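Each protein sequence line maps, in turn, to chains D and C.
Sequential numbering of the first sequence, starting at 1, is according to my numbering.
Sequential numbering of the second sequence, starting at 1001, is according to my numbering.
Think of the CB as a built atom: it goes at the ideal place given N, C-alpha and C, for glycine as much as any other residue.
In this text, all values refer to a predicted model and were calculated from it rather than measured experimentally.
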Amino acid sequence: MPITGQLRHLEADYDVAIVGAGPAGMAAALGARARGAERILLVDRDAEPGGILLQCIHSGFGLHAFDEEITGPEYAQRYLEQVLEHDIDVLTDAYVMDVGPGGRMKLMSPTVGVTGLDARSVVLAMGARERTRGAIRIPGDRPSGVMTAGLAQRMVNLDGYLPGRRAAILGSGDIGLIMARRLRLEGVEVVGVFELLPHPSGLMRNVVQCLDDLDIPLHLSTTVVGIHGRDRLERVTVAPVDDGREPILERSWDVDVDTLLLSIGLIPDAELARELGALFDPVTGGPVVSGTMETTIPGVFAAGNVVHVNDLADWVSREARVAGEWAAALATGARRPDEDVRLVPGDNVAYVVPHTISRDGTYTVSFRVKRPIHGPTMLRIGEVHRRKVRAVVPAEMVTLQLAPRMLEGWSGAVLRIDAVPAEAVVR
Amino acid sequence: VAPSRCHDVIVIGGGVVGITLARELSRYHLDVVVLESDAEVGFGVSKANSGIIHSGIHADPATLKGALEWPGNEGWLRLRDDLGFGFAQVGELLVALSAEELGTIEHLHARGERKGIPGLQRWDAARVRAHQPNLSRDVIAALWAPTAGVVNPYEAVLLIADNAAANGVEIATEQPVTAIEPAHRGEPDGPLVVHTPTRTLATRYLVNAAGLRADEVARMAGVGTFTITGRKGEEYLLDKRLAGLVTSVIFPCPTPTSKGTLVTPTFDGTIMVGPTAEATDDKDDTATTPEGAQAVFAAAKRLVPAISERDVIAEFAGVRAVADSDDFVLGATGRRGFVNAAGIQSPGLTAAPAIADHIIEVLRDEGLELRERSDWRPRAEHPVRFSALSTREQAELAASEPGFAQLVCRCELVTEAEIVDAIERGARTLDGVKFRTRAGMGRCQGGFCTWRCLELLARCRGIPMTEVTKRGGTSWLVRDRDDVDAAPSGGS
Chain D
1 MPITGQLRHL EADYDVAIVG AGPAGMAAAL GARARGAERI LLVDRDAEPG
51 GILLQCIHSG FGLHAFDEEI TGPEYAQRYL EQVLEHDIDV LTDAYVMDVG
101 PGGRMKLMSP TVGVTGLDAR SVVLAMGARE RTRGAIRIPG DRPSGVMTAG
151 LAQRMVNLDG YLPGRRAAIL GSGDIGLIMA RRLRLEGVEV VGVFELLPHP
201 SGLMRNVVQC LDDLDIPLHL STTVVGIHGR DRLERVTVAP VDDGREPILE
251 RSWDVDVDTL LLSIGLIPDA ELARELGALF DPVTGGPVVS GTMETTIPGV
301 FAAGNVVHVN DLADWVSREA RVAGEWAAAL ATGARRPDED VRLVPGDNVA
351 YVVPHTISRD GTYTVSFRVK RPIHGPTMLR IGEVHRRKVR AVVPAEMVTL
401 QLAPRMLEGW SGAVLRIDAV PAEAVVR
Chain C
1001 VAPSRCHDVI VIGGGVVGIT LARELSRYHL DVVVLESDAE VGFGVSKANS
1051 GIIHSGIHAD PATLKGALEW PGNEGWLRLR DDLGFGFAQV GELLVALSAE
1101 ELGTIEHLHA RGERKGIPGL QRWDAARVRA HQPNLSRDVI AALWAPTAGV
1151 VNPYEAVLLI ADNAAANGVE IATEQPVTAI EPAHRGEPDG PLVVHTPTRT
1201 LATRYLVNAA GLRADEVARM AGVGTFTITG RKGEEYLLDK RLAGLVTSVI
1251 FPCPTPTSKG TLVTPTFDGT IMVGPTAEAT DDKDDTATTP EGAQAVFAAA
1301 KRLVPAISER DVIAEFAGVR AVADSDDFVL GATGRRGFVN AAGIQSPGLT
1351 AAPAIADHII EVLRDEGLEL RERSDWRPRA EHPVRFSALS TREQAELAAS
1401 EPGFAQLVCR CELVTEAEIV DAIERGARTL DGVKFRTRAG MGRCQGGFCT
1451 WRCLELLARC RGIPMTEVTK RGGTSWLVRD RDDVDAAPSG GS
């Protein structure tokens, strides 16, 4: 069911306006509708809703949201069908330029021009952007052929072009791993994936399915230290790194490639929240959020990769549904829950989302570990909950369910989240 | 193929010197062509430098560099008034960190006053700190020169080029000169013929503003009396977060080969540190190096201790064109009609308007007739910069032209209409679009808009995506799916 026509008439005010129509934004819209919001607007910068899902033509989506394995575009389509069935206004080719305090929104699109509207609640669902060469300072020339893995994915999967003939990939993030496989299947020679860290950054299933199954080498503790080529990339210099992640240049070697894809991490694309003056978490790079997914700016919610980088679209949608529900609740007169409990990262935990909760709600608590533990691991939420898992790695986000009964009889204000080897836990 | 017409002046080199000269020539009834070897004007030495319009104090007045530095500074103010590119007179502080350096400051102060540079002041440490609180506590005194400015060198060159073209100058890119010969055998003083791989042009006067290749061009004309060597400079741009760390250009005391590593508040509000000054045998070597970064940051931290390598967001290198005389090579040659504007090292960007005036006098002496046009238009129609407009102006523009409501670059808020306009003004490559519009210069570094810019370049220029390049030559960007073994066709 394609979108047949562009939205031409914008209301002057909405109950809930959502910025970004990817897996977060569409789920937020459905959540808002389910919770009783009447006028809902979904804005996206691209010509069609779906966000980055549209270029993710591989399978692996929907295992949690739909109990079956589907592709990114299929996942987007299922959400979009529901969005349209629920008469949610969808404005594409549109860009939200500014969100002011009180929900005043400035946006632009060829169909409505530059215009303003008021939203009682706003949900930020802009996703993430990729880190670039500038972020990691590789010295050398500045030829064509050095690009983010996501840009390459777009050109191959949406437009049918190839980025080059012989490629190396820096960083073992999921997009890089998936693009290693994609390029190999398209007939591009993929000489290897180089990862600075001693362990892969992407999901283990992607390491197996995208590299091992195709005999693409993964070089751990290795990075690119030089880029050579005046016009087009001709070769890169790679070197192993020591325990302090400093390259050992005496052991460097050259690799002839005309393409270098960068898969060196994602950053929440949260500029609108920053401009609003929301409080940020320095670890996630996204805004601090409450258990209702509200930022520190009242009425402005955020969910998905704009808050913290997730590894599954299904998790993004689940979190965004909560944001949409609460955005609607607040817009239709409900009161905020009284949140007097803080969740903070403890042993071997990098960050925790949400940052605060109330004692009488049910929450999905998401976090990432700092270091892998290849064996039985105890996950602890303060003194109130613990769960043993087989192993944890930084590449895989961990989630725990927190229910009001767990907090019964507990009167503290801070819950520390830990992830430690199970045998180290004194019972 | 014999050229069908004889031009009045051909300028070889579309850098700041060639382009500024061409615009000055466009005041007169003349048929002028600029031949640029790159795909875009200003993409050689002119693009990769510190972007400083020097105060006028730096070069020895006994040299051409020193004689043209201050008139050049004044010339930039006139160009700015006519063309409205980004230019801010932020002033400079040349700082002394030791008692020995106090002598250097005094020497430059006295010489600057003899050159007639206005506003020079000697500041003590307290005054320096009040003005620039983030400078090192080791600064014991400084020379303040308010006439120094910062400019976007590529923006300026592009706008000067646009104005020259609007006044009838032909600017031809991807035209590397391969040979120069007399048009008629037996007429050694007569017109010249210039060859490129795709064109043959005849001209009565030829100006050699070929930058790093100027010695080769002079040799083609049989007047190879000088050589050009490269001197590389690496520059590092720091995160916008550091805007305001310094508000004037900070100079250390100079060394014999360089003005040293500077801390510059660029026109765009970022802080830039550099350059290095390393002799290079390879004139195309614009690679940054770990050693260069180390040298730049060691030197910059002596001036501003809060500067850190961790804040780098972009880095680049340029190569200065240094003649063996270590001065500009300007003027007539043994071949009548062949004029040099070569050896343009620092303060070359500053001096460019004065170099243009100087060369025009040389051409007049060589016999070029200069009749002023009554229809010369000094002012350029400025490209719209959507991001700089008020909401009301943006709304009016978007209502009149939907291309202004279609966003392409989110980080720098660049619309489709601006990109189409840049291509119509002559941008031929992805970098040409980027440097004209800022699309792709923001925090995502083109991650989201590169593809849209590529599509617009292909559509507006009527070429396949595989022929769009990053900056000409073999800098192709994509290839067809069925073209796994064949080499892409490259630039066009």
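Within 8 Å, strictly: CB atoms of residue i and residue j
i	j	result
Thr115 of chain D	Leu41 of chain D	no
Tyr1236 of chain C	Val1339 of chain C	no
Ala47 of chain D	Thr92 of chain D	yes
Ala328 of chain D	Asp15 of chain D	yes
Pro1003 of chain C	Ala1221 of chain C	no
Glu432 of chain D	Ser290 of chain D	In this structure chain D extends from 1 to 427, so residue 432 of chain D is not present and cannot be described.
Glu325 of chain D	Ala32 of chain D	yes
Gly1343 of chain C	Ala1323 of chain C	yes
Pro1464 of chain C	Asp1082 of chain C	no
Phe1316 of chain C	Ala1048 of chain C	yes
Leu260 of chain D	Val190 of chain D	no
Cys1453 of chain C	Ile1419 of chain C	yes
Pro1275 of chain C	Thr1261 of chain C	yes
Ser1046 of chain C	Val1016 of chain C	yes
Thr362 of chain D	Leu402 of chain D	yes
Nearest-angstrom Cβ-Cβ length linking residue i and residue j, presumed shorter than 8 Å
i	j	result
Leu177 of chain D	Val207 of chain D	6 Å
Val1494 of chain C	Ile1053 of chain C	Residue 1494 of chain C lies beyond the stretch modelled for chain C, which goes from 1001 to 1492, so this question has no answer here.
Pro23 of chain D	Gly304 of chain D	7 Å
Ala218 of chain D	Val193 of chain D	One point to set straight first is that residue 218 of chain D is Leu, not Ala, in the sequence displayed. 5 Å between Cβ atoms; contact.
Leu80 of chain D	Leu158 of chain D	Not a contact, Cβ separation roughly 17 Å.
Gly1318 of chain C	Gly1233 of chain C	6 Å
Ile1160 of chain C	Thr1020 of chain C	6 Å
Pro337 of chain D	Ser358 of chain D	4 Å
Identity of the residue in the options nearest residue i by Cα
i	options	result
Arg45 of chain D	C:Phe1448, C:Ala1332, C:Lys1240	C:Phe1448
Phe1404 of chain C	C:Glu1396, C:Ala1427, C:Ala1417, C:Glu1393	C:Ala1417
Ala1145 of chain C	C:Asn1163, C:Gly1116, C:Leu1135	C:Gly1116
Tyr75 of chain D	D:Ile57, D:Leu84, D:His86, D:Ser358	D:Ile57
Arg184 of chain D	D:Met397, D:Arg359, D:Leu214	D:Leu214
Leu1192 of chain C	C:Ser1400, C:Ile1012, C:Ile1360, C:Arg1310	C:Ile1012
Trp1070 of chain C	C:Leu1389, C:Ala1299, C:Asn1163, C:Arg1114	C:Arg1114
Asp98 of chain D	C:Leu1242, C:Leu1413, C:Thr1333	C:Leu1413
Val225 of chain D	D:Val83, D:Val255, D:Leu211	D:Val255
Arg205 of chain D	D:Ala152, D:Val283, D:Val393	D:Val393
Lys106 of chain D	C:Val1207, C:Thr1255, C:Ser1390	C:Ser1390
Leu1108 of chain C	C:Gln1132, C:Phe1251, C:Met1441, C:Ser1050	C:Phe1251
Chain-order list of residues whose beta-carbon lies under 6 Å from that of residue i (same chain, five-residue window excluded)
i	result
Glu408 of chain D	none
Trp1123 of chain C	Ala1142, Trp1144
Val425 of chain D	Met378
Gly1091 of chain C	Pro1146, Ala1148, Ser1248
Ser121 of chain D	Val16, Gly299, Ala327, Leu330, Ala331
Ser411 of chain D	none
Ala395 of chain D	Ser201, Gly202, Leu203
Cutoff 7 Å; reference residue i; Cβ partners in own chain excluding five residues on either side
i	result
Leu1064 of chain C	Asp1327, Phe1328, Leu1330
His1382 of chain C	Gly1084
Glu38 of chain D	Asp15
Asp1480 of chain C	Thr1466
Sequence-distant residues of its chain with Cβ nearer than 8 Å to residue i (five each side left out)
i	result
Pro421 of chain D	Ile373, Gly375, Pro376, Thr377, Met378
Glu186 of chain D	Val156, Leu162
Trp315 of chain D	His64, Ser366, Met397, Thr399
Arg1471 of chain C	Asp1038, Ala1039, Glu1040, Phe1043, Thr1429, Leu1430, Asp1431, Gly1432
Cβ contact (3+ pairs, closer than 8 Å) linking the stretch 177-196 of chain D and the stretch 158-168 of chain D: yes
Given 8 Å, three or more beta-carbon pairs between the stretch 129-137 of chain D and the stretch 101-114 of chain D: no
Three CB pairs or more closer than 8 Å across the stretch 408-420 of chain D and the stretch 1021-1038 of chain C: No, because fewer than three Cβ pairs between the stretch 408-420 of chain D and the stretch 1021-1038 of chain C fall closer than 8 Å, the two stretches do not touch.
Three CB pairs or more closer than 8 Å across the stretch 1157-1176 of chain C and the stretch 1029-1042 of chain C: yes
Contact between the stretch 1366-1373 of chain C and the stretch 1082-1100 of chain C (3+ Cβ pairs under 8 Å): Judged by pairs of C-beta atoms under 8 Å, the stretch 1366-1373 of chain C does not touch the stretch 1082-1100 of chain C, as fewer than three such pairs exist.
Segment contact flag, the stretch 138-148 of chain D with the stretch 224-242 of chain D, C-beta cutoff 8 Å, min 3 pairs: yes
The stretch 1169-1185 of chain C contacting the stretch 1207-1225 of chain C, beta-carbon criterion three pairs below 8 Å: The stretch 1169-1185 of chain C vs the stretch 1207-1225 of chain C: in contact.
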